[in-house]
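So for the sequence shown, the numbering used here puts the first residue at 2; every next one is plus one.
Glycine residues also receive a C-beta, built at the ideal position from the N, C-alpha and C atoms.
Report on one structure; see the data block that follows.
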Amino acid sequence: MDIEAFRKAGYQAIDRICDYYYSLEQRSVASQVRPGYLKELIPDNAPEEGEDFQQIADDYQRCIVPGLTHWQHPSFFAYYPTACTFEGILADLYATSATNPGFNWACSPACTELESIVMDWAAKLFGLGDHFLNSAEVGGGVIQTTASDSGLVAIVAARSLYTSKHPEAKLEDMIIYTTTQTHSLGVKAGLVLGLECRALEVMPEDKYALRGETLKRAIQEDVGRGKHPFVLVATVGTTSSGAIDHLGEIGEVAKSYPSLWIHVDAAWAGITLACPEYREVAQLDNINKYADSFCTNFHKWGLVNFDASTLWVRNRKHLTDALDITPEFLRTKEGDAGVVIDYRNWHLALGRRFRSLKIWFVLRSYGAEGFRRHIRQGIELNKHFVSLLRSSSDFSLVTEPSFALSVFRLMPPSIVSTEIDKEKLEATLNDLNKDYYSRLSGRNDIALTQTKMNGTFCIRFAIGAARTKKVHVDHAWQILQEEAQATLSAWGKPEAAT
Numbered sequence: 002m003d004i005e006a007f008r009k010a011g012y013q014a015i016d017r018i019c020d021y022y023y024s025l026e027q028r029s030v031a032s033q034v035r036p037g038y039l040k041e042l043i044p045d046n047a048p049e050e051g052e053d054f055q056q057i058a059d060d061y062q063r064c065i066v067p068g069l070t071h072w073q074h075p076s077f078f079a080y081y082p083t084a085c086t087f088e089g090i091l092a093d094l095y096a097t098s099a100t101n102p103g104f105n106w107a108c109s110p111a112c113t114e115l116e117s118i119v120m121d122w123a124a125k126l127f128g129l130g131d132h133f134l135n136s137a138e139v140g141g142g143v144i145q146t147t148a149s150d151s152g153l154v155a156i157v158a159a160r161s162l163y164t165s166k167h168p169e170a171k172l173e174d175m176i177i178y179t180t181t182q183t184h185s186l187g188v189k190a191g192l193v194l195g196l197e198c199r200a201l202e203v204m205p206e207d208k209y210a211l212r213g214e215t216l217k218r219a220i221q222e223d224v225g226r227g228k229h230p231f232v233l234v235a236t237v238g239t240t241s242s243g244a245i246d247h248l249g250e251i252g253e254v255a256k257s258y259p260s261l262w263i264h265v266d267a268a269w270a271g272i273t274l275a276c277p278e279y280r281e282v283a284q285l286d287n288i289n290k291y292a293d294s295f296c297t298n299f300h301k302w303g304l305v306n307f308d309a310s311t312l313w314v315r316n317r318k319h320l321t322d323a324l325d326i327t328p329e330f331l332r333t334k335e336g337d338a339g340v341v342i343d344y345r346n347w348h349l350a351l352g353r354r355f356r357s358l359k360i361w362f363v364l365r366s367y368g369a370e371g372f373r374r375h376i377r378q379g380i381e382l383n384k385h386f387v388s389l390l391r392s393s394s395d396f397s398l399v400t401e402p403s404f405a406l407s408v409f410r411l412m413p414p415s416i417v418s419t420e421i422d423k424e425k426l427e428a429t430l431n432d433l434n435k436d437y438y439s440r441l442s443g444r445n446d447i448a449l450t451q452t453k454m455n456g457t458f459c460i461r462f463a464i465g466a467a468r469t470k471k472v473h474v475d476h477a478w479q480i481l482q483e484e485a486q487a488t489l490s491a492w493g494k495p496e497a498a499t
C-alpha cells in the first residue's frame, strides 16, 4: 500500500467507523455468533499472494464486526465500562503512525516526556500528593497496560524492597495479602511470582470492606508462624461490589509493620477522585498518607481508549531497584547522566506503546470540567437506577451502591416470607437469581454480569459508557421487570415485579 492508497483506505475507515457509531444503539449489545464461527469464514492459511485491500476492509465488516461485543453500547452495563472516545481513536492512529518501542528516552524523547507530563496532569487532577509527581523526582507515575500489570509491578517492587531489608526471608515464607473481594490480580501475581496469597475475609456488615483489625490479626498469626507478609493489595472500588477498604485503619496497623507495602488498586473507582465531592469517600487523604503505590485505569471510566492503566509510586527508586536491567546496548548518555526517565525500568517489559498521547488528547479535548461532568453523570444515572430498584418490593440491593455500580437480586416477598430456615432460604434465593440472570444473559439488548459475595449470588449493574443516558437506564429497568415477571411465573409465583 502506497501513501495515496493509504489515504483512500483511511477515508473509508473513518467513514465506516462513523457509520458504526451511528448504528451502535440499533445493534445487539453482545455478539450473537457461536464458538468457532470465524473458522468457517477465514481460510486455514495466509494467502500466498497479497490481496486487494478493499477486500480486506470488506471482510472486516463481514467477518469481524458480527463477532464483536459492543462495550460502547449505551445498554452495556456489564463488568465495568471500557472507554472509547474519538479523541482516543485519533491518538492511537497518530501513535501507531510513528510507532516506536519506547524503552528509553532516546527512542523518541516526546514519548517519555509527554508521559511524565500527563502523569503529573492526572495526579493533580485526582488530588494526589506532591510525592507522587514525576516533577518532584522522588516518586512518580508510569502508564501500564492494565491494573493487573500495575499490581504485579508494585508487588515485584515490594518483594525486592522487603528482601533487601530482610535477607533472611525465604520466598516460600513470603505472603501477599488480598481480601475475598479483591480483584484476581493478587492471586495471579502470586502464581506468577511463586508466592503465597492469602485472602482476608470481609463481611457484609462492613460493606465487604477490609477492616484494620482483620489485617492486624492476620499479620500476628502469620508472623507468629514464621511467615513474612510483605504487601497488601487494598482496594478502592472492588470489582464485585465497589467496596472501599478502610485505608485509615489499615494505615494505622501498618505503622507497626513498616515493611508492609500498601498498594491501592482503584482501577475503576479511582477516576472519581477528579471530583472533589467524592474524594472523602474514595479515601484520597488516606491514599496520600499511607499508599506506597496507587493505580487507576483511564481506560475504564476515564474516557481513554484501552489500554491506559496509570500507576504512581511514592518512591521511584523502589521500582528501579527491582526492575533496572541496563545492558550496554541500552545505555545512553542521557540515561547515564540521570537527567531523563527510562520507563523500561518502571515496568516488566522492555518495549512499550505511546499511550500518553491518548490521555493528552482526551484531557485537552474534554478539559478537567468535562471529565468531571462525565463521572458525575454516571453517578447520577446510578442514583436514578437505585430509585427504580427501591420502588419495587421484588428487588433488593445486596450492598450499598458504590458510585456508578449497584449490586442487586430478586427477593420477592412471596419467597422471603416463607417459613423456612435461613440456610434453605438463601439457597432458594440463589437458585431463583441464577434462573433470573440466565434469562437476562440470554437477551441481546442488554449486558450485565453476575457475581457472588460471601455465598450470595447477585447481579451487577455498572454504568459508565459515554453514550448511556437516562432513557437507556429506564429501558434496562423495563427489561429487568419483564424478566423478573417471567422468572417468578416460571417458579409458580403469581407475583410479578412492579
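- Cβ neighbours of D121 within its own chain (closer than 6 Å, five residues either side excluded): L134, N135, S136.
- Nearest neighbour of C64 by Cα position, chosen from E41, A79, R391, T83, turns out to be E41.
- Straight-line measurement puts the Cα of E88 at about 16 Å from the Cα of R17.
- In the three-state reduction of the DSSP assignment, F307 falls in the coil class.
- C276 sits in coil when the DSSP states are folded into three classes, being neither helix nor strand.
- Listed in chain order, the beta strand (DSSP E) elements of length 3 or more contained wholly in the stretch 149 to 217 are 175 to 180, 197 to 201.
- Within 10 angstroms of the beta-carbon of I57 lie fewer than 16 other beta-carbons, which makes it exposed.
- The stretch 175 to 187 makes no contact with the stretch 385 to 394: fewer than 3 CB pairs, one atom from each, lie closer than 8 Å.
- Annotation for R410: the continuous beta strand (DSSP E) segment containing it runs 406 to 411.
- In summary, P48 is exposed, with fewer than 16 beta-carbon neighbours lying within 10 Å of its beta-carbon over all protein chains present.
- Secondary structure of L331 (DSSP, three-state): helix.
- If you compare the alpha carbons of L274, A107, N101 with that of A338, the shortest gap goes to A107.
- In this structure F409 is buried. Its beta-carbon is surrounded by 16 or more other beta-carbon atoms within 10 angstroms.
- Following the DSSP letters along the chain, one finds D20 in no beta strand (DSSP E) but inside the alpha helix (DSSP H) bounded by residues 4 to 24.
- A distance of 7 Å or more separates the beta carbons of A477 and A31.
- The three-state reading of DSSP puts A235 in strand, counting E and B together.
- With fewer than 16 other Cβ atoms from the protein chains shown falling within 10 Å of its own Cβ, T100 counts as exposed.
- Per DSSP, G142 is one residue of the beta strand (DSSP E) stretching across 141 to 145.
- In the DSSP assignment, R373 falls outside any beta strand (DSSP E) and lies within the alpha helix (DSSP H) extending over 357 to 391.
- Listed in chain order, the non-local C-beta contacts of K471 below 8 Å within the same chain comprise L382, H385, local neighbours out to five positions each way being set aside.
- Bounds of the beta strand (DSSP E) holding T297 are 294 to 298.
- Look at Q451 here: in three-state DSSP terms it is strand.
- For S403, the beta-bridge partners assigned by DSSP are L406.
- Less than 7 Å divides the Cβ of A244 from the Cβ of K208.
- Exposed is the label assigned to K318, since fewer than 16 other Cβ atoms lie within 10 Å of its Cβ.
- Here the alpha carbon of D60 sits roughly 27 Å from the alpha carbon of R444.
- In the DSSP assignment, V254 falls within the alpha helix (DSSP H) that extends over 248 to 255.
- DSSP places W262 inside the beta strand (DSSP E), whose first and last residues are 262 to 266.
- Segment contact: the stretch 91 to 98 against the stretch 359 to 370, three or more CB-CB distances shorter than 8 Å; contact assigned.
- Bounds of the beta strand (DSSP E) holding R461 are 457 to 463.
- At a Cβ-Cβ threshold of 7 Å, R461 and T450 count as neighbours.
- By the Cβ-count criterion, G368 is exposed, with fewer than 16 other Cβ atoms from all chains shown falling within 10 Å of its own Cβ.
- Spatial neighbours of S151 in its own chain (CB-CB distance under 6 Å, excluding positions within 5 residues in sequence) are listed in chain order as Q145, C296, S310, L312.
- In this structure, A283 lies near L274, with their beta-carbon atoms less than 7 Å apart.
- Closest in alpha carbon position to D223, among Y258, T236, I251, T147, is Y258.
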